[in-house]
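Below is one structure, written out as C-alpha cells; comments come after it.
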Amino acid sequence: MKKISDTFFITETKNENPIYQQIYDIVRLIPEGKVANYGQIAAMLAHCTPRMVGYAMAALPSGSDVPWHRVINSQGKISQRAGGDGENIQRLLLETEGVEFDSNGSVDFSKVGWKVLK
DNA sequence: TCCATGACAAGAG
DNA sequence: GCTCTTGCCATGG
C-alpha cells in the first residue's frame with residue numbers, strides 16, 4: 022500500500038490489478054494547472070517504467086476522464102503522438118488550466134511541476 | 001512464438 | 001549540450 026496523498030491510497034497489487042489502472046489513478050491525482058512527467062509517475066509505481074506510462078497514455082480512449090494532457094516528457098515538452106490532428110490540443114488544454122509555456126514550447130517544472138507528498 | 005514498434009528516462013561517452 | 005545505448009513491457013503482425 023502506498024500513500025499518495027492524505028486521502029488517497031493505492032494497493033500495490035502486482036497481478037491482481039492491471040498496471041494501467043494504477044497509472045490512470047495517479048494521473049487523475051494531478052491537480053489543475055500542474056503537470057507531471059512519465060518518470061515521476063513511474064517512480065510512484067516502483068514496478069512500473071516510463072515506457073509503460075507512455076504506453077498507457079497511448080492506449081487511453083479519447084473519452085476518458087483521465088487528464089492525460091497533464092502528462093508530458095521529462096524535458097518539459099509535449100510528446101505529440103500524431104503529427105496531424107489535434108496538434109496543440111494538449112497545450113491548449115494546459116494553457117486553459119493556467120500552465121505557461123516558454124518560447125521553446127516547454128513548461129517550467131519549478132512552477133507547474135506536480136509535487137507529491139509522500 | 002518471435003520480432004518490431006512505441007506519448008520515455010537515465011547514464012555513458 | 002548532444003547522441004547513443006540500455007532497460008522495460010504491452011501490442012500487433
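Mapped onto my numbering, the consecutive letters of the first sequence carry residue numbers 22 to 139. Glycine is no exception: its CB is placed at the ideal position from the N, C-alpha and C atoms.
Please name the residue in the options whose C-alpha comes closest to that of residue i.
| i | options | result |
| --- | --- | --- |
| Ala-63 | Lys-55, Met-78, Gly-54 and Glu-53 | Met-78 |
| Asn-109 | Ser-95, Ser-127 and Gln-96 | Ser-127 |
| Ser-85 | Trp-135, Val-48, Asn-125 and Ser-124 | Val-48 |
| Gly-75 | Met-65, Leu-66, Val-87 and Tyr-59 | Tyr-59 |
| Leu-66 | Ile-40, Leu-81, Ser-83 and Pro-82 | Ile-40 |
Helix, strand or coil for residue i? Go by DSSP, reduced to three states.
| i | result |
| --- | --- |
| Thr-34 | Here Thr-34 scores only 37 on pLDDT, less than 50, and its place in the model should not be relied on; the value that follows carries that caveat. Coil. |
| Ser-26 | Note on Ser-26: pLDDT 43, under 50, position unreliable in the model; no value is reported. |
| Ala-63 | helix |
| Asn-125 | coil |
| Lys-98 | strand |
| Pro-71 | helix |
| Ile-110 | helix |
| Ala-80 | coil |
| Glu-116 | helix |
List the DSSP bridge partners of residue i.
| i | result |
| --- | --- |
| Ile-44 | DSSP, once it has assigned bridges, lists no residue as partnering Ile-44. |
| Val-92 | Ala-57 |
| Gly-134 | Val-56 |
I'd like to know if the region 89 to 101 and the region 117 to 127 are in contact, where contact means that at least 3 CB-CB pairs between them fall below 8 Å.
yes
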